[in-house]
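Participant: Residue numbers (my numbering), protein chains in the order written: chain A, 1 to 117; chain B, 118 to 228. Submitted below is the structure of interest, expressed as structure tokens.
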């Protein structure tokens, strides 16, 4: 299957700081990337859908000014959590799809565990 | 009502036994259905797609019942390594290849 990486795999930061998470498709061009968040013992919740070269579409209840998404190339999308607070601590997972090789399947990155102190 | 609902479990299964569990979905227009597996603190990984006629992949069998809007997963000859959370996933919206995840069913296979 296609490979998606995320960086960093974990991050601890102080409240009020901003954190950037990168999602890369390593061996295919991802026309669409998705960002999810998963709190302990809960399911993955879609935060936003990102298409290369256009603005992300955010799900209801997700603040676009707090969670900045950039999808500047076909292999890279970034999620920036601005002014992070302890309630933003979560497991952030991206997925990518696009191109004939992926047959519209979503391939998930390994996730980034964010802890805000 | 949640779009995709699952029994959270845990299902405690003796090694070698068979376990089955369902998932219900609310959007009758859903097109695609999947079972994903998620290990603790890891990303979900696709286990299998679910086809209208039902399908089997080794020890795993998935069924789809559109009339009653549920899908099922059956695991035969359970292995210790099958212990995981199984996520029912549906494409809940018409556009954009969006996936909607159920809360997951936790399966614990014990010796």
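Note that CB positions come from ideal geometry on N, CA and C, so glycine has one too.
1) Looking at chain A, which residues of the segment 157-184 of chain B have a Cβ within less than 8 Å of any of its Cβ atoms?
2) Check the DSSP bridge columns for residue 112(A) and list the partner residues they point to.
3) For a contact meaning CB atoms closer than 9 Å, what does residue 109(A) contact in chain B?
4) When the cut-off is 8 Å and only beta carbons count, does residue 49(A) lie next to chain B?
5) What do you get for residue 71(A), buried or exposed, if any count of 16 or more other CB atoms within 10 angstroms of its CB means buried?
6) Count the other CB atoms within 10 Å of the CB of residue 111(A); is the residue buried (16 or more) or exposed (fewer)?
7) Could you tell me which residues DSSP pairs with residue 57(A) in its beta bridges?
8) Considering only the alpha carbon of each residue, which of 54(A), 74(A) and 21(A) lies closest to residue 94(A)?
9) Does residue 46(A) have its Cβ less than 8 Å from a Cβ in chain B?
10) State the CB to CB distance for the pair residue 216(B) and residue 155(B), rounded to an integer number of angstroms; the pair is presumed to be in contact (CB under 8 Å).
11) What ranges does the beta strand (DSSP E) occupy inside the segment 168-221 of chain B, keeping only unbroken runs of at least 3 residues that lie completely in it?
12) Name, please, each residue of chain A whose Cβ falls closer than 9 Å to the Cβ of residue 204(B).
13) Starting from residue 7(A), trace the beta strand (DSSP E) in both directions and tell me its first and last residue.
Facilitator: Put simply:
1) 158, 159, 160, 161, 162 and 163
2) Taking the first chain and counting its residues from 1, the one referred to as residue 112(A) is at position 112. For residue 112(A), which the question treats as bridged, DSSP gives the partners 92(A).
3) Within the first chain, the letter at position 109 stands for residue 109(A). Ordered by position in chain B, the residues that pass the 9 Å Cβ test against residue 109(A) are 160.
4) Working through the first chain from its first residue, we reach residue 49(A) at position 49. So, interface residue.
5) For this step, residue 71(A) is matched to residue 71 along the first chain. The residue is buried, with at least 16 neighbouring Cβ atoms inside 10 Å.
6) The sequence position of residue 111(A) within the first chain is 111, counting from 1. With 16 or more other Cβ atoms within 10 Å, it is buried.
7) The residue given as residue 57(A) occupies position 57 in the first chain. Residue 57(A) pairs with 49(A).
8) For this step, residue 94(A) is matched to residue 94 along the first chain. Comparing Cα positions, the closest option is 21(A).
9) Counting from one through the first chain, the residue named residue 46(A) turns up at place 46. Taking Cβ atoms only, chain B reaches closer than 8 Å to residue 46(A), which makes this a yes.
10) Mapped onto the second chain, residue 216(B) falls at position 99. Mapped onto the second chain, residue 155(B) falls at position 38. About 13 Å separates the two Cβ atoms, so there is no contact after all.
11) 172-174, 177-182, 187-192 and 201-207
12) In the second chain, the residue the question calls residue 204(B) occupies position 87. The answer, in chain order, is 43 and 44.
13) Taking the first chain and counting its residues from 1, one reaches residue 7(A) at position 7. Start and end: 4-7.
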